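This report refers to the structure that appears directly beneath it.
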Amino acid sequence: MKIVIINYGAGNIQSILFAIERLGYSAVLTNNPEEIRAADKVIFPGVGEASYAMKILKESGLDTLIPILTQPVLGICLGMQLMCKHTQEGDTTGLGIFDVDVIKFTPKVKVPQMGWNTIYNLKSDLFKDVAENEYMYLVHSFYAPLCDEAIATTNYEVEYASALENNNFYGTQFHPEKSGDVGEKILGNFLKL
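Start counting the sequence shown at 1; every next residue gets the next number (UniProt numbering).
See below:
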């Protein structure tokens, strides 16, 4: 199986690479469109600022490639947010894969939400053999509100979508690669889709 991690300069991709290797697989880091198209599974990570990340995607043509991929694609953290229609961060138009706009937590809570929080209302093969209310690691100031494509929920000030699914596209607000054994199980489930 050919696993590609999209390397576009936004994200801690080494931790994802190491998690995949712990699961017994290897992955290629690339922003080459041909390699991405040829992959069996694509991981779209992201840590950083949305408008800058989208600018990089546009410069490399990945903004038009990612939405038309037909293999399973997993967006992580900022990767998931960029797969949405729009984000308030930098007033950025996203890839439009998920039909939801990303908004900022209010000043009533500490941002970023950083640390461990539970996921529940699990509704996808991504969460096969994962119990309700498992703890996942999150670092984010913006979130996707609950919507029809939500497949996991987390509560921080409000209930929000901590994972999304639309056809072959999946997104997690949490970092499965930093969430211990359960997170690696979710990553493993994605690789088996």
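Note that beta-carbon positions come from the ideal geometry of N, C-alpha and C, so glycine has one too.
Treat the numbers as computed from the prediction; the structure is a model and nothing was measured.
Exercise. Taking contact to mean at least 3 C-beta pairs separated by less than 8 Å, is the segment 4 to 21 in contact with the segment 33 to 46?
Worked result: Two segments are said to touch when three or more pairs of C-beta atoms, one from each, lie closer than 8 Å; by this definition the segment 4 to 21 touches the segment 33 to 46.
Exercise. What residues match up with Thr-154 in a beta bridge as DSSP calls it?
Worked result: Tyr-160
Problem set entry | Buried versus exposed call for Ile-149 [16 or more other C-beta atoms within 10 Å across all chains shown] | According to the sequence as given, residue 149 is Glu; it is not Ile. Counting the other CB atoms within 10 Å of its CB gives Glu-149 a total of 16 or more, which places it among the buried residues.
Exercise. To the nearest angstrom, how far is it from the Cα of Val-73 to the Cα of Pro-176?
Worked result: 14 Å
For this session: Check whether the Cβ atoms of Leu-126 and Phe-190 sit closer than 8 Å, and answer yes or no.
Result: yes
Problem set entry | Proximity to Glu-59 [Cα-Cα], best of Gly-9, Tyr-160, Ser-124 | Gly-9
For this session: Find out if the Cβ-Cβ distance for the pair Met-83, Gly-171 is shorter than 8 Å.
Result: Yes, the Cβ-Cβ distance between Met-83 and Gly-171 is below 8 Å.
Exercise. Which whole-angstrom value is the C-beta distance of Leu-122 and Val-130, which I expect to be below 8 Å?
Worked result: Taking a contact as a CB-CB distance under 8 Å, the pair Leu-122 and Val-130 counts as one, their CB atoms being some 6 Å apart.
For this session: Grab the span of the beta strand (DSSP E) containing Ile-43 for me, first residue to last.
Result: 41 to 44
For this session: Output the distance between the C-alpha atoms of Thr-118 and Asn-155, rounded to the nearest integer angstrom.
Result: Looking at the two C-alpha atoms, the distance is approximately 8 Å.
Exercise. Just the Cα atoms here: how many angstroms apart are Leu-95 and His-86?
Worked result: 8 Å
For this session: Leaving out five residues on either side along the sequence, give the residues of the same chain with a beta carbon under 6 Å from the beta carbon of residue 213.
Result: The requested residue 213 does not occur in the structure, where the chain is confined to residues 1 to 193.
Exercise. What does Pro-145 pair with, by DSSP beta-bridge criteria?
Worked result: Tyr-160
Exercise. What separation, rounded to the nearest whole angstrom, lies between the Cα atoms of Met-114 and Asp-99?
Worked result: 25 Å
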